[in-house]
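Q: Dumping the structure here so I can ask a few things about it.
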Amino acid sequence: MTSQSTATELDSATELNTAPGLELRLGRLADPRVAQAIELVWHEATLLDAKAYEDWERLWTADGKYVIPIDPETEDFEARLNMVYDDARMRRMRVTRLVEGYSMSAVAAARTARTISRFTVGELTEDAVTLRSAQVLVGFKREKHILLAADLTHRVRFTEEGALIDLKVVRLVNSDGAVTASGFLL
Amino acid sequence: MTTTPVDSGRGFAALAGTDRVAGQLYTDPDIFEQELEKIFYRTWIWVAHESEIPEAGSFKTATIGRQPVIVNRDRKGNFNVLLNRCRHRGASVCEVPRGKANGFTCPYHSWSYSLEGQLRGIPYPEGYEGVVEKKEMPLERLRVESYAGMIFASFNQEIEPLEDFLGDAKIWIDRFMKQGAGYPVKAQGEHRFRFDGNWKIQLENTTDGYHFPIVHRSWMASVDAETADMLSFMTDENAVTHALGNGHSVAIMVPEHVDLEEDDGTEDLQGRFGHIIEELSQTMPPEQVRRIVRSMHGAGFNLNLFPNVAMSMSFFRVLRPIAVNETEIQHIALGLDGGPESVNRERLRIHEHFQGPFGFGTPDDSEAWDRVQRGAYANKDMPILVNRGLGRERTTEEGWKTSHVTDESGMREAYGQWKKMMSND
Chain F
3 MTSQSTATEL
13 DSATELNTAP
23 GLELRLGRLA
33 DPRVAQAIEL
43 VWHEATLLDA
53 KAYEDWERLW
63 TADGKYVIPI
73 DPETEDFEAR
83 LNMVYDDARM
93 RRMRVTRLVE
103 GYSMSAVAAA
113 RTARTISRFT
123 VGELTEDAVT
133 LRSAQVLVGF
143 KREKHILLAA
153 DLTHRVRFTE
163 EGALIDLKVV
173 RLVNSDGAVT
183 ASGFLL
Chain X
7 MTTTPVDSGR
17 GFAALAGTDR
27 VAGQLYTDPD
37 IFEQELEKIF
47 YRTWIWVAHE
57 SEIPEAGSFK
67 TATIGRQPVI
77 VNRDRKGNFN
87 VLLNRCRHRG
97 ASVCEVPRGK
107 ANGFTCPYHS
117 WSYSLEGQLR
127 GIPYPEGYEG
137 VVEKKEMPLE
147 RLRVESYAGM
157 IFASFNQEIE
167 PLEDFLGDAK
177 IWIDRFMKQG
187 AGYPVKAQGE
197 HRFRFDGNWK
207 IQLENTTDGY
217 HFPIVHRSWM
227 ASVDAETADM
237 LSFMTDENAV
247 THALGNGHSV
257 AIMVPEHVDL
267 EEDDGTEDLQ
277 GRFGHIIEEL
287 SQTMPPEQVR
297 RIVRSMHGAG
307 FNLNLFPNVA
317 MSMSFFRVLR
327 PIAVNETEIQ
337 HIALGLDGGP
347 ESVNRERLRI
357 HEHFQGPFGF
367 GTPDDSEAWD
377 RVQRGAYANK
387 DMPILVNRGL
397 GRERTTEEGW
407 KTSHVTDESG
417 MREAYGQWKK
427 MMSND
């Protein structure tokens, strides 16, 4: 690498630093609340890949909503048909179904590995953080790979019991197309 | 009772007996190709419910077999089903799942067509002088007829009238629509998923009461006791399946909800709907509240219409064959058009609970069907049995072969029609 090209790179980095709307110094991702929220999101992903659903259920606030919408645009989940629209009661039943051994699809569920990245910070207050991210999940079952990509929104609330998920919205890129029934959770 | 062994010697139609079929019916790509030609391109195929295209210009896209079509409502209120293929070089003229339009313009060279399919415009027409007459180049129109809002299309212009094809199924379509409780029934969203299996595995399943408490045990365990009790039909003598002719059948799971207009007042409304009852009672008379709430789970039966649609309790199940070993399913949730919002939302929640790729029911069905497809490759000489209840099958005064809802009379009816259509040249 020549010194000239190094200088060019430095120049463009400086330009980026001054570009409107983008912070390359320590930004909100370095905020301790955001770091804690990201750690929670990754912990959640680890539990879901491990199918540790009973542990996963404890990550939620009592009013927490877990949504996998079909309509890519909607924010009014209650008025629309969703793939998942769970409050605490539905979540409880869902976890029971997945662990009790009577559901043949849960018993035979694909093994999964999911990666969550591309975090951006939305709302950031004393007691809550909203994170947006991208998730790529690869699953494997009976000689076939499954690929599911999604935009995620997590609203994490800081409570006396620690950081808990208050809202999770999983917007699959193929939400209004055919989504294969899978036996695991997103 | 008569049973016919599977005879693999005389063409594909012979592979279906009266009470068993060859496993090859699920696995043979050549049979699949013939099914497209002899069934999906010959008979009436369900393409839409009228509520999906409510206004002049409303359209949806659909697929019959492998062929893409556009279903629309024109300014005269007529339904049109058009092949989604430009007459010039074959491009699809619409790739939007649903919407509203004045017509369709091919993106490739801007040939434009009306809602009825007439070719309206060709850019730079000089090159076609003496070569192309616009009136001779419409989008191909399929035959279209509807019954009770159910829109069917056929590539076969000579096909019998839809009402003749539906026959006694019409009685059940009328009963099904009574779940609107005084309001028209409307589509309110759909789940779509695919499974790795042949389309007939799904066709059978809609009339398979036998699998319900086994495959759906986890769903049964999750619902309230009243709902679980409502669907405990395994030993209910009144829960029967009728074969209705032309491949159609009806499986009655909740006999007291066959005709939702009939109500002797003895049935307690389900406690889970207490909040709805309370809300509706503020503005509606008790009998109307009762009528709506009794209809909340839909009609008490699955009506299976050969070959691609079922009216299944509170939703439409639509199947689309993709390949011999792949099928796409839509589960279209139904609501009350103009009815109380709280009721429609409750119906969405009921639908989500069971249906869809993350529902408590669909993934287990899907797993079972995948397993059927995988197993069917083993020993192609070993038939698939659809003989349950043959020994207790009787014929009603309407002429419907009838046995218990856990029996396989509906499947036998469907395979009878399959055999008939696959025998046609």
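As you go down the protein sequences, you meet chains F and X in turn. Under our numbering, read the first sequence as residues 3 to 188, first letter to last. Under our numbering, read the second sequence as residues 7 to 431, first letter to last. Quick reminder that beta carbons are idealized off the backbone N, C-alpha and C, glycines included.
For X/Phe-182, does the count of other Cβ atoms within 10 angstroms reach 16, so buried, or fall short, so exposed?
A: To locate residue 182 of chain X, count along the second sequence from 1; it is residue 176. Per the 10 Å Cβ criterion, buried.
Q: Any beta-carbon of chain F closer than 7 Å to the one on X/Pro-60?
A: Translated into positions along the second sequence, residue 60 of chain X becomes position 54. Closer than 7 Å: no.
Q: DSSP puts X/Arg-198 in a beta bridge; with which residues?
A: In the second sequence, counting from the first residue as 1, residue 198 of chain X sits at position 192. DSSP lists X/Gln-336 as partners of X/Arg-198.
Q: Assuming X/Ile-283 and X/Val-260 make a contact with CB atoms under 8 Å, what is their CB distance in whole Å?
A: For this step, residue 283 of chain X is matched to residue 277 along the second sequence. For this step, residue 260 of chain X is matched to residue 254 along the second sequence. At roughly 19 Å, the Cβ-Cβ gap does not stay under 8 Å, so X/Ile-283 and X/Val-260 are not in contact.
Q: Excluding the 5 residues flanking X/Glu-169 on each side, which residues of the same chain have their C-beta closer than 7 Å to its C-beta?
A: Counted from its first residue, the second sequence places residue 169 of chain X at position 163. Same-chain partners within the cutoff: Tyr-153, Lys-176.
Q: So with Cβ pairs under 7 Å, would you call X/Arg-198 a contact of chain F?
A: Along the second sequence, one-based indexing puts residue 198 of chain X at 192. For X/Arg-198, the answer is yes, since a Cβ of chain F falls inside 7 Å of its Cβ.
Q: Check whether the Cβ of X/Val-99 lies closer than 6 Å to any heavy atom of the ligand FAD, and answer yes or no.
A: Among the ligands in the structure shown, none appear at all, so the ligand FAD cannot be discussed.
Q: Hey, which unbroken runs of the alpha helix (DSSP H) at 4 residues or more fall wholly within the segment 252-310 of chain X?
A: 280-287, 292-300
Q: Using the three-state DSSP reduction, which class does X/Trp-117 fall into: helix, strand or coil?
A: For the purposes of this step, residue 117 of chain X is taken as residue 111 along the second sequence, with counting starting at 1. DSSP places X/Trp-117 in coil when its eight states are reduced to three.
Q: Starting from the Cα of X/His-2, find the closest Cα among X/Lys-82, X/Ala-305, X/Gln-163, X/Ser-429 and give me that residue.
A: Residue 2 of chain X lies beyond the stretch modelled for chain X, which goes from 7 to 431, so this question has no answer here.
Q: Within a Cβ cutoff of 8 Å, which residues of the same chain sit near X/Gly-203, ignoring the five residues on either side of it in sequence?
A: Counting from 1 along the second sequence, the entry for residue 203 of chain X is found at position 197. So the qualifying residues of the chain are Tyr-32, Asn-331, Glu-332, Thr-333, Trp-375, Asp-376, Val-378, Gln-379.
Q: In whole angstroms, what separates the C-alpha of X/Ile-157 from that of X/Ile-51?
A: Start at 1 with the first residue of the second sequence, and residue 157 of chain X comes out as number 151. Start at 1 with the first residue of the second sequence, and residue 51 of chain X comes out as number 45. If I take the Cα positions, the gap works out to 8 Å.
Q: Which residue wins for smallest C-alpha separation from X/Gln-294, given the options X/Leu-266, X/Val-87, X/Ile-59?
A: Counted from its first residue, the second sequence places residue 294 of chain X at position 288. Considering only alpha carbons, the answer is X/Leu-266.
Q: Can you confirm whether F/Gly-141, when its beta carbon is compared against all beta carbons of chain B, has any partner nearer than 7 Å?
A: Among the protein chains in the structure shown, which are F and X, there is no chain B.
Q: Considering F/Thr-155, what are the terminal residues of the beta strand (DSSP E) in which it resides?
A: By 1-based counting over the first sequence, the position of residue 155 of chain F is 153. Its beta strand (DSSP E) spans residues 146-161.
Q: Note down, in chain order, each residue of its chain lying with its Cβ closer than 8 Å to the Cβ of X/Glu-243, except the 5 sequence neighbours on either side.
A: By 1-based counting over the second sequence, the position of residue 243 of chain X is 237. Closer than 8 Å at Cβ, skipping near neighbours: His-410.
Q: Take X/Pro-427 as the anchor and find which of X/Pro-35, X/Asp-34, X/Glu-41 has the nearest alpha-carbon.
A: Here residue 427 of chain X is taken as the residue at index 421 of the second sequence, counted from 1. The displayed chain sequence assigns Met, not Pro, to residue 427 of chain X. Out of X/Pro-35, X/Asp-34, X/Glu-41, X/Glu-41 has the C-alpha closest to the C-alpha of X/Met-427.
Q: Leaving aside the five residues before and after F/Val-123 along the sequence, list all residues of the same chain whose C-beta is less than 6 Å from its C-beta, in chain order.
A: Your numbering for residue 123 of chain F matches position 121 in the first sequence. Counting only Cβ-Cβ distances below 6 Å, and skipping sequence neighbours, we find Arg-30, Val-36.
Q: I'd like to know whether the C-beta of F/Asn-84 is nearer than 7 Å to at least one C-beta of chain X.
A: Translated into positions along the first sequence, residue 84 of chain F becomes position 82. Closer than 7 Å to some Cβ of chain X, the Cβ of F/Asn-84 qualifies, so yes.
Q: How would you list, in chain order, the residues of chain X whose beta-carbon sits under 7 Å from the beta-carbon of F/Tyr-104?
A: Position 102 of the first sequence, counted from the first residue, corresponds to residue 104 of chain F. The answer, in chain order, is Arg-223, Ser-224, Ala-227.
Q: With DSSP as the reference, label X/His-248 as helix, strand or coil.
A: Residue mapping note: residue 248 of chain X aligns to position 242 of the second sequence, counting from 1. Correct three-state label for X/His-248: strand.
Q: My guess is that X/Asp-230 and X/Arg-278 are in contact by the Cβ rule of under 8 Å, so how many angstroms apart are they, rounded?
A: Reading the second sequence from its first residue, position 224 is the one you call residue 230 of chain X. Reading the second sequence from its first residue, position 272 is the one you call residue 278 of chain X. Contact holds; Cβ gap of about 5 Å.
Q: Let's test the definition: count the other Cβ atoms within 10 Å of the Cβ of F/His-147 and tell me whether it reaches 16, buried, or not, exposed.
A: Counting from 1 along the first sequence, the entry for residue 147 of chain F is found at position 145. An exposed status is given to F/His-147, since fewer than 16 other beta-carbon atoms sit within 10 Å of its beta-carbon.
Q: Hey, is F/Leu-12's beta-carbon within less than 7 Å of any beta-carbon in chain X?
A: As a first step, residue 12 of chain F must be located in the first sequence, where it is residue number 10. Its pLDDT being 41, under 50, F/Leu-12 is placed unreliably by the model, and nothing is read from it.
Q: Among X/Trp-424, X/Phe-218, X/Glu-414, X/Leu-391, which has the Cα closest to the Cα of X/Arg-26?
A: Here residue 26 of chain X refers to the residue found at position 20 when the second sequence is read from its first residue. Checked all of X/Trp-424, X/Phe-218, X/Glu-414, X/Leu-391; the closest Cα to X/Arg-26 is X/Leu-391.
Q: Between F/Ala-180 and chain X, is there a C-beta pair that is closer than 7 Å?
A: Residue numbering aside, residue 180 of chain F sits at position 178 when the first sequence is read from its first letter. Yes, contact with chain X.
Q: Given that a residue counts as buried once 16 or more other Cβ atoms are within 10 Å of its Cβ, and exposed if not, what is X/Asp-214?
A: To locate residue 214 of chain X, count along the second sequence from 1; it is residue 208. It is buried - the Cβ of X/Asp-214 has at least 16 other Cβ atoms within 10 Å.
Q: Straight-line CA distance for X/Lys-425 to X/Pro-292?
A: Numbered from 1 along the second sequence, position 419 holds the residue referred to as residue 425 of chain X. Numbered from 1 along the second sequence, position 286 holds the residue referred to as residue 292 of chain X. Each residue's Cα considered, the two are about 50 Å apart.
Q: Would you identify the three-state DSSP class for X/Gln-73, choosing helix, strand or coil?
A: Working through the second sequence from its first residue, we reach residue 73 of chain X at position 67. X/Gln-73 carries a strand assignment under DSSP once its states are collapsed to helix, strand and coil.
Q: Along the chain, where does the beta strand (DSSP E) that runs through X/Thr-408 open and close?
A: Position 402 of the second sequence, counted from the first residue, corresponds to residue 408 of chain X. That run of the beta strand (DSSP E) goes 407-410.
Q: Could you check where the beta strand (DSSP E) with X/Asn-211 kicks off and where it finishes?
A: Numbered from its first residue, the second sequence carries residue 211 of chain X at position 205. Per DSSP, X/Asn-211 belongs to no beta strand (DSSP E); it is in the alpha helix (DSSP H), 205-211.
Q: For the segment 387-405 of chain X against the segment 231-238 of chain X, are there 3 or more C-beta pairs whose distance is under 8 Å?
A: no
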